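Single-structure report; data block below.
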Amino acid sequence: MKSALVPHPEALKPDAKGRVREAGSDGFVLKISADQRSVVWAVRFKHGAANIFPRNDGSVLCRRGDNLFYIDHNGSVTDGPTLEISGSNMALDPKSVAMYFGGSYRSATGLEPYVNPYLYKVDANGKQVWTAYGWTGPIVGVDQLRLVADSPVTSIRIGEDGKLTLTAWSDGGNTVLGQQPYDLRLPAKCGGFSSSTSETMDVPSFTRYVGYLPTSDIPTLINIYDMYRLPNGEVAVTGGGWTGFVESHDAWVPPWYVEHRTDEFAMAKGGPFFTIFTPDLNNVRIANLTPNASGLRLAGRGHGGAHDLVPGQVDQKWSRRFPTNIRHAVQPKNGGGRDGYVVLVDTQGTPNPPAIPNKTSGVADKRQRN
Amino acid sequence: MRAIPIQLLLLLFVTFSVSAAEKKKAFSVTEQEKMMEHVSGAFDMSRNPRPYIVYMILDQQGSRHPSFWCGKNVEGKVGFKGQLDVLDEKIHVTQNGAFTVQITNSARKYGMFDTIPGGVWAQKFAALNFRIIFETFSEVALQGLTQFKGDRSIAGNLVTLDTVCRGKVLVGERSAPFAGKALLKFSDQKEMFLLHATFPFPGQQLGLAGAAGEGISATIYTASTPAVSRPEIR
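Chains as they are written, first to last, in our numbering: chain V, 1 to 370; chain C, 1001 to 1234.
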């Protein structure tokens, strides 16, 4: 096995006050053989882990802080350029070799919005090409716009067509993510917590993903933890919702609105979920709860979808109510503590949109109640 | 026998016409007096109804990337007074005093400072003291009373004046005059006004070299606090 070491002397340099920052633990990148039985090469990053991104030429791009490194197919490491700007979430377009960084910064004005999104494009030399969003809080909060909902970009994925897909959250409907990222006056075509931004910064489609409680006629919270663009443009997401998750007809767990037909006391469901959106983000192919398996991360099979994987966590609350729905599981029951899952999902089939449940009879429309 | 009904009809018609005209005239005067009151007042523009009340957009011809800015009212007192001209029964509004707004914030468009209008200023913004002085509002035309829509900083109905605004833009050591259109919208409840001005932005005179300074138009919004005094109208 070939191994290499990437030093990080900056981690041990004293800061302006003469203090030496505590160096973090080392990170590593491994290449596993195709039969998954041996390690071909290993690269150790001193004092900190690196993000890894496969490139079309077979090499791997690694980012540690603002520094880039390339690892070729033999495990040899070469230094790359230093990034002019970076951010918390990174994506690499394997075709154009452009890098994208998304995240948020906090406005220091004391006025809403506090959390402001940004999306940077950086070229292969580390030079910044453009900024999408990046409005300061005071600007989007002016009387003429009032886009005061906190709104960070939480992840970026790049499809094989070169288009970006973003996920973000917002604590209200009046989010700046509903506008085009280059012109605050232009609304995005559909707009929302998951959007698709092309090279031109246009947002051709976007959707708001929320749960819905028909018994009280209110939307409910959903968190998106991971997202992956399938080769056909469809977008898979995993996440969690408190309650009122709207499932599709053929959901793996019987949908609440089906149970409610025969049991008026049936409770709306929540918990971890897995959903596939159509390419225009206007509908879903399938939307399921995934009891027992929260924190799922997504990776494409044979499509270079690798990114930092973290072990999933057992969903403690919902595992008590629903058994796992994984078929032919090697371990059929929750083993206790934290279990890891590897789930292969067949994404073929016809679209199967969800039926948004009607308001429960006997409960007046919220607008009428007021 | 046949002539009498015709005379009666004519009489009725004339009577109705006269009363309608009298009614319209009386109503119009009352309405105009109200509008005169609404558009009259002295406003201290060193005060701000809320932080970041000034909102500016610079658009450049042929570019899809405008620049967005915000700021505050900083100084000046401006007064407006509406007077009814007895000859044409129209309201004429006179204005005196100038006021200044300052641009204090720009967007963090890293990598695009050469693309967006005025982007070079955004990089060294604090030292520039970017100000716009509104000196005169002339050729005032009263658009009438319209129902308030949208902007929540002002309530009730709005009396809108269509004006030509003139003033200066100051960026660093440079200054340049501007002239454009301005809508002044006075609230009939809060004794304050909204300004919506659009004018060709004198970019080249302010140091934007070459194509970067050409074809820029500015849109500026601000609002006043309630009037510090109001003239006696009636």
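Ideal Cβ placement from N, Cα and C applies to all residues, glycine included. Owing to the predicted nature of the structure, the values given are computational and were not obtained by experimental measurement.
- Task: State the Cα-Cα distance for the pair Ser-1106 of chain C and Cys-1165 of chain C, rounded to the nearest angstrom.
- Result: About 24 Å.
- Query: For Gly-1210 of chain C, is the beta carbon positioned less than 7 Å from some heavy atom of the ligand GDP?
  - Reply: This structure lacks the ligand GDP; in fact it carries no ligand of any kind.
- Query: Candidates C:Phe-1080, C:Thr-1094, C:Gly-1071: which alpha carbon is nearest Val-1101 of chain C's?
  - Reply: When each option's Cα is compared against that of Val-1101 of chain C, the closest is C:Gly-1071.
- Query: Closest by CA to Pro-1226 of chain C, which one among C:Ala-1042, C:Thr-1160, C:Glu-1031?
  - Reply: That would be C:Ala-1042, whose Cα lies nearest to the Cα of Pro-1226 of chain C.
- Do Val-43 of chain V and Val-29 of chain V come within 8 Å of each other at the CB atom, strictly closer than that value? Yes, Cβ-Cβ distance for Val-29 of chain V and Val-43 of chain V is below 8 Å.
- Task: Might you give, ordered along the chain, the residues of its own chain that have their beta carbon closer than 8 Å to the beta carbon of Leu-221 of chain V, omitting 5 neighbours on each side?
- Result: These residues qualify, in order along the chain: Val-210, Gly-211, Gly-241, Trp-242.
- Message: Can you find the residues in the same chain that come closer than 6 Å, C-beta to C-beta, to Val-1159 of chain C, ignoring five residues on each side of it along the sequence?
- Response: Cβ within range, chain order: Met-1035, His-1038, Val-1039, Leu-1145, Phe-1186.
- Could you please give me the residues that DSSP links to Lys-31 of chain V through a beta bridge? In DSSP, Lys-31 of chain V forms a bridge with V:Trp-41.
- Message: Below 8 Å, how does it come out for the stretch 1079 to 1093 of chain C and the stretch 132 to 149 of chain V: are there three or more Cβ pairs, yes or no?
- Response: They do not touch, by the three-pair rule.
- Query: Considering only residues of the stretch 1148 to 1188 of chain C, which uninterrupted beta strand (DSSP E) runs meet the minimum length of 3 residues and lie entirely inside it, listed in chain order?
  - Reply: You should have 1157 to 1171, 1174 to 1187.
- Message: Under DSSP, the beta strand (DSSP E) around Trp-1121 of chain C begins and ends at which residues?
- Response: From DSSP, Trp-1121 of chain C is part of no beta strand (DSSP E) but of the alpha helix (DSSP H) over 1119 to 1123.
- Task: Would you list, in chain order, the members of the stretch 1084 to 1117 of chain C that have their beta-carbon closer than 7 Å to a beta-carbon of chain V?
- Result: Within the stretch 1084 to 1117 of chain C, the residues whose Cβ lies closer than 7 Å to some Cβ of chain V are Asn-1105, Ala-1107, Arg-1108, Lys-1109, Tyr-1110, Gly-1111, Met-1112, listed in chain order.
- Item | Where Thr-290 of chain V falls: helix, strand or coil (DSSP) | Here Thr-290 of chain V sits in coil by DSSP.
- Cβ neighbour criterion (16 or more within 10 Å) applied to His-249 of chain V: Exposed.
- Task: Starting from the C-beta of Ile-1216 of chain C, find all residues in its chain whose C-beta is less than 6 Å away, skip the five residues before and the five after it, and write them out in chain order.
- Result: Closer than 6 Å at Cβ, skipping near neighbours: Leu-1058, Gln-1060, Pro-1117, Phe-1201, Gly-1203.
- Query: If you measure from the beta carbon of Gln-128 of chain V to each beta carbon in chain C, is any gap under 8 Å?
  - Reply: It does: the Cβ of Gln-128 of chain V has a partner Cβ on chain C nearer than 8 Å.
- Task: Between the Cα of Ser-3 of chain V and those of V:Ala-11, V:Val-39, V:Glu-10, V:Arg-157, spot the shortest distance and give me the residue it belongs to.
- Result: The option with the nearest alpha carbon to Ser-3 of chain V is V:Val-39.
- Among the residues of its own chain, which have a CB less than 8 Å from the CB of His-8 of chain V, if the five just before and after it don't count? Excluding residues within five positions, the ones whose Cβ falls inside 8 Å are Ala-23, Phe-45, Lys-46, His-47, Gly-48, Arg-64.
- Message: Could you check whether the Cβ of Thr-136 of chain V sits closer than 8 Å to any Cβ belonging to chain C?
- Response: Chain C, which has a Cβ nearer than 8 Å to the Cβ of Thr-136 of chain V, makes this yes.
- Task: Compare the C-beta of Gly-173 of chain V with all C-beta atoms of chain C and state if any pair is closer than 8 Å.
- Result: Taking a beta-carbon distance threshold of 8 Å, Gly-173 of chain V does not count as an interface residue toward chain C.
- Query: Could one say the Cβ of Val-142 of chain V lies closer than 8 Å to chain C's Cβ atoms, at least one of them?
  - Reply: Chain C, which has a Cβ nearer than 8 Å to the Cβ of Val-142 of chain V, makes this yes.
- Report the three-state DSSP secondary structure of Thr-82 of chain V (helix, strand or coil). Thr-82 of chain V: strand per DSSP, three-state reduction.
- Message: Spatial neighbours of Tyr-1242 of chain C within its chain, please: C-beta separation below 6 Å, excluding the five flanking residues on both sides.
- Response: The requested residue 1242 of chain C does not occur in the structure, where chain C is confined to residues 1001 to 1234.
- Task: Spatial neighbours of Thr-82 of chain V within its chain, please: CB distance less than 7 Å, with the 5 preceding and 5 following residues excluded, ordered by chain position.
- Result: Taking Thr-82 of chain V as the centre and dropping the five residues before and after it, the same chain places the C-beta of Asp-66, Asn-67, Gly-126 closer than 7 Å to its C-beta, in chain order.
- Query: Is Tyr-100 of chain V near Ile-139 of chain V, with beta carbons less than 8 Å apart?
  - Reply: Taking 8 Å as the cut-off, the Cβ atoms of Tyr-100 of chain V and Ile-139 of chain V do not count as close.
- Query: From Val-122 of chain V to Leu-281 of chain V, what does the alpha carbon distance come to, in whole angstroms?
  - Reply: Our two residues, Val-122 of chain V and Leu-281 of chain V, have alpha carbons roughly 26 Å apart in a direct line.
- Quick one: does Ala-1218 of chain C have its CB under 8 Å from some CB of chain V? Ala-1218 of chain C does not count as touching chain V.
- Query: Is the Cβ-Cβ distance between Gly-1111 of chain C and Trp-130 of chain V less than 8 Å?
  - Reply: In this structure, Gly-1111 of chain C places its C-beta atom within 8 Å of the C-beta atom of Trp-130 of chain V.
- Query: Using the beta-carbon of each residue, which ones in chain C are nearer than 8 Å to Asp-183 of chain V?
  - Reply: When 8 Å is used as the limit between beta carbons, Asp-183 of chain V is near these residues of chain C: Arg-1064, His-1065, Pro-1066, in chain order.
- On the three-state DSSP scale, how would you describe Ile-139 of chain V? Ile-139 of chain V falls in the helix class under three-state DSSP.
- Message: Applying the 10 Å Cβ sphere with the 16-neighbour rule, what's the burial state of Glu-247 of chain V?
- Response: Glu-247 of chain V comes out buried.
- Query: Does any CB atom of chain V fall closer than 8 Å to the CB of Leu-1051 of chain C?
  - Reply: Looking at the sequence provided, one finds Pro at residue 1051 of chain C rather than Leu. Residue-level contact by beta carbon holds for Pro-1051 of chain C and chain V, with a gap shorter than 8 Å.
- Interface flag, Cys-1070 of chain C vs chain V, CB-CB below 8 Å: For Cys-1070 of chain C, the nearest beta carbon of chain V is closer than 8 Å to its own beta carbon.
- At a Cβ threshold of 8 Å, is Leu-230 of chain V touching chain C? It does not; no Cβ of chain C falls within 8 Å.
- Spatial neighbours of Ser-88 of chain V in its chain, beta-carbon cut-off 7 Å, leaving aside the 5 residues before and after: Correct list, in chain order: Gly-103.
- What does a CB cutoff of less than 7 Å around Asn-1157 of chain C pick up in its chain, not counting 5 residues either side in sequence? Take Asn-1157 of chain C, set aside five residues on each side of it, and the residues of its chain with a beta-carbon closer than 7 Å to its own are Leu-1145, Thr-1146, Gln-1147, Phe-1148, Asp-1188, in chain order.
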